[in-house]
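Numbering (this note's numbering), first residue to last: 1026 to 1463.
For glycine and all other residues, C-beta sits at the position ideal for the given N, C-alpha and C.
Computed from a predicted model, the values in this text were never measured in an experiment.
Down below is the structure, laid out as C-alpha cells.
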Amino acid sequence: MSQPRVIIVGGGFGGLAAAKALARTQAQILLIDRTNHHLFQPLLYQVATSVLTPSQIATPIRSVLRNHKNTTVILGEVTGVNKDEKCVIFSDADRQNVPISYDYLVLGTGATHSYFGHNEFAEHAPGLKSLADAEAARNKILRAFELAEAEEDPSRHRDLLTFVLVGAGPTGVEMAGALALFVRTTLKSDFRRIDPASARVVLVDMAPRVLPPFSENLSKAAKRRLEKLGVEVRLGHSVDQIDGDGIVVAGERIASKTVIWTAGVAPSPAGKWLNVETDRAGRVRIQKDLTVPGHPEIFVVGDTASLDQNGKPLPGVAQVAMQQGRYAGKLIHGRIVGSPPPGPFSYFDKGTMAVVGKGFAVLQSGRVQISGLAAWLTWAAVHLQFLATSSLRLSVFLQWVWTYVTGQRGDRLIVNHHASDASKPAANLATQAALTGK
Ligand SMILES: Cc1cc2nc3c(=O)[nH]c(=O)nc-3n(C[C@H](O)[C@H](O)[C@H](O)COP(=O)(O)OP(=O)(O)OC[C@H]3O[C@@H](n4cnc5c(N)ncnc54)[C@H](O)[C@@H]3O)c2cc1C
1026 MSQPRVIIVG
1036 GGFGGLAAAK
1046 ALARTQAQIL
1056 LIDRTNHHLF
1066 QPLLYQVATS
1076 VLTPSQIATP
1086 IRSVLRNHKN
1096 TTVILGEVTG
1106 VNKDEKCVIF
1116 SDADRQNVPI
1126 SYDYLVLGTG
1136 ATHSYFGHNE
1146 FAEHAPGLKS
1156 LADAEAARNK
1166 ILRAFELAEA
1176 EEDPSRHRDL
1186 LTFVLVGAGP
1196 TGVEMAGALA
1206 LFVRTTLKSD
1216 FRRIDPASAR
1226 VVLVDMAPRV
1236 LPPFSENLSK
1246 AAKRRLEKLG
1256 VEVRLGHSVD
1266 QIDGDGIVVA
1276 GERIASKTVI
1286 WTAGVAPSPA
1296 GKWLNVETDR
1306 AGRVRIQKDL
1316 TVPGHPEIFV
1326 VGDTASLDQN
1336 GKPLPGVAQV
1346 AMQQGRYAGK
1356 LIHGRIVGSP
1366 PPGPFSYFDK
1376 GTMAVVGKGF
1386 AVLQSGRVQI
1396 SGLAAWLTWA
1406 AVHLQFLATS
1416 SLRLSVFLQW
1426 VWTYVTGQRG
1436 DRLIVNHHAS
1446 DASKPAANLA
1456 TQAALTGK
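Next up, the structure:
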C-alpha cells in the first residue's frame, strides 16, 4: 500500500515545526517553499542595521531537514488549493499551475506587509519581511550616508540623514534603537564631511504609546530608552502621506530620503485559496484542532491562521506558529498510526520581549514584567536558542559579543547597487563634485 502524502506549504516557523513532528512518520512529506531558506524574522532588523549578515539569520530548509529521510523539499510557489480534488496548485521556474495531490495539507504561509489601504506608500516606504527587504533597507541606510558625504551643499545633509520608521511595534522600536546606536557609535569616525551622530531617527505611530502589546509601564520604559538614544518618538497621529521627499504626519512634513515601513501585516492569501471564512484581517478561521471546518485533512498554522483562546485572538508570533505546527504534525502522525486524537490546541505563552539598543530590553511573561539588562540577557539567550542550527547560534553569539565590546558591526556592504541609483542627477553631481573637488 502506498504511503499517505502530507504537503506542507511554507518552511517558516509553523511549517518547519510540522515537518519536524512528522520526522518518523511512515508518510511522504513534501515541503514546498518559494524561498530555499528558513528565515529567523525576529532578527531581520539586525541585518537591516548591519549587525548581522543575511546568512546568520537564514538557513537552507533542505539542510535543516537533511536527516528527515521521508521529507522532500521543493522550491516553488503554491498559488491555489483545490479542496475537492485534494491538490495544491504549484508553479516553479519551469512549470506553471501543476496540481500536486495530498492526503493531508498543512498551510503555514505566513504574512506580508499591510499598508492599511495605502499601497502607494510601498514605493517609498519598503517593509521588513524577507531577507531581500532587510538587504534593501541596509543598502538604503548606508547609501544615505554615502550620498551625504559626497554632497557639497550642507543644507541637503539633514534630509539625507533623516531616517523615518513608520510603526512603533516591536520591529519599529528594535530597528529605531539599533539605528540610533549605529549612527552614534559604529559610524562615528568613518566620515569626514558629515557627522553621522547628527542623523535624526524618527519613529512614528498612530497609537498613543510604543509597543502596544506590552504593559503601559514597559511601554514607557521603552520610550524613555529610545529618547535617551536620541530617537524622536512621534505618537498619536497616522501618517497622511509618504513620497520621495519624506512623510507628512499631523500636517507636518518630515523631509527624509529613507522611510521604512514597520507597521501592519496582512496574511497570505490562504483564505482565498480555500474559499473559507476568514477574520477581518483575512486570516483563515480554524477550529480547535487547527483544521478548516468541513476539511479534517487541511490544517492552517501560524500567521495565516486565526484562532481565539480565552476570548482573544492568538498573536502573530513565532511561538504560536511553532506550537501550532508541532501540534498539526503530531495530530497527522496520530491519524496515520491510528492513535486517539489529542485534546484541542492550547497555546502556552512563554512571554514577549523587545530589545531597545544595547543592553536593554523589556520582557513580559504573565505577571512578570522586567526591563533593563536582565531582560536583554534573557532576550539574547532565547533568540540564540531558537536559531535553526548550532553553527548559526555560535556565529551570532560571537558577532553580538564583538559588537557589544567594540561597537563594530558585521556587514556594512552596499550590494546590488543599481545603475539607476548612481544615475540620479543629484547623486551624480554630488559624486562628480566630490571626485573633482569642484
Ligand atoms: C521584522 C519581524 C520581526 C519579528 N519579530 C518577532 C519577535 O521578536 N518575536 C516573535 O515571536 N515573532 C516575531 N515576528 C513574527 C514571527 O516572525 C511570525 O509570527 C512567524 O514567522 C510566523 O511563522 P509562520 O510559519 O506563520 O510564517 P513565516 O515564518 O513567515 O513562514 C512562511 C513561509 O511560507 C513561505 N511561503 C509564503 N507563501 C508561499 C507560497 N505561496 N508558496 C510557497 N511558500 C510560501 C515563505 O517563503 C515562508 O518561508 C516578527 C516578524 C517580522 C516580520
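Can you round the beta-carbon distance between residue i and residue j to whole angstroms, since I take them to be within the 8 Å contact cut?
i	j	result
leucine 1156	proline 1079	5 Å
threonine 1329	serine 1293	5 Å
serine 1281	threonine 1187	4 Å
threonine 1090	valine 1103	The sequence given here places leucine at residue 1090; threonine does not occur at that position. That pair is no contact at about 18 Å.
isoleucine 1054	valine 1031	5 Å
The alpha helix (DSSP H) with residue i in it runs from where to where?
i	result
isoleucine 1357	1343-1362
threonine 1084	Note, threonine 1084: premise wrong, no alpha helix (DSSP H); beta strand (DSSP E) at 1083-1085.
valine 1264	From DSSP, valine 1264 is part of no alpha helix (DSSP H) but of the beta strand (DSSP E) over 1264-1268.
alanine 1044	1038-1046
histidine 1093	It is not in any alpha helix (DSSP H) - histidine 1093 carries neither H nor E in the DSSP assignment.
histidine 1149	First-last for histidine 1149: undefined, no H or E at that position.
leucine 1172	1156-1175
Is residue i near ligand 1 - that is, is its Cβ less than 6 Å away from at least one heavy atom of it?
i	result
glutamate 1176	no
proline 1067	yes
glycine 1133	yes
glutamate 1102	yes
serine 1531	Because the chain here runs from 1026 to 1463, residue 1531 falls outside it and cannot be looked at.
arginine 1342	Residue identity check: residue 1342 is valine in the sequence provided, not arginine. Checking the Cβ of valine 1342 against ligand 1 gives yes.
leucine 1212	no
leucine 1153	yes
threonine 1196	yes
arginine 1351	no
For residue i, which residues from the same chain have a beta carbon less than 8 Å from its beta carbon, with the 5 sequence-adjacent residues on both sides left out?
i	result
valine 1198	Leu1228, Val1235, Leu1236, Ala1247, Leu1251, Ala1379 and Val1381
Between which two residues does the beta strand (DSSP E) holding residue i run?
i	result
isoleucine 1464	Residue 1464 lies beyond the range of the chain shown here (1026 to 1463); nothing can be said about it.
histidine 1063	1062-1064
serine 1126	1123-1126
threonine 1104	1102-1107
In chain order, what residues of the same chain lie with their CB nearer than 7 Å to the CB of residue i, ignoring the 5 residues before and after it?
i	result
valine 1421	Leu1077, Gln1081, Leu1409 and Leu1412
alanine 1118	none
proline 1369	Lys1313 and Asp1314
Is the beta carbon of residue i sitting closer than 7 Å to the one on residue j?
i	j	result
alanine 1159	alanine 1073	yes
isoleucine 1279	isoleucine 1285	no
tyrosine 1372	glutamine 1334	yes
serine 1116	asparagine 1122	yes
tryptophan 1401	phenylalanine 1385	yes
leucine 1064	isoleucine 1323	no
arginine 1163	serine 1244	no
isoleucine 1361	proline 1029	yes
isoleucine 1114	glycine 1101	no
With a threshold of 6 Å on Cβ separation, who are the neighbours of residue i within its own chain once the five nearest residues in sequence on each side are excluded?
i	result
alanine 1193	Leu1228, Asp1230 and Val1235
arginine 1217	none
aspartate 1215	none
phenylalanine 1170	none
alanine 1046	Arg1351, Gly1354 and Lys1355
Could you confirm whether any beta carbon from chain B is found closer than 7 Å to the beta carbon of residue i?
i	result
lysine 1248	In the displayed structure, chain B is absent; only one protein chain is listed.
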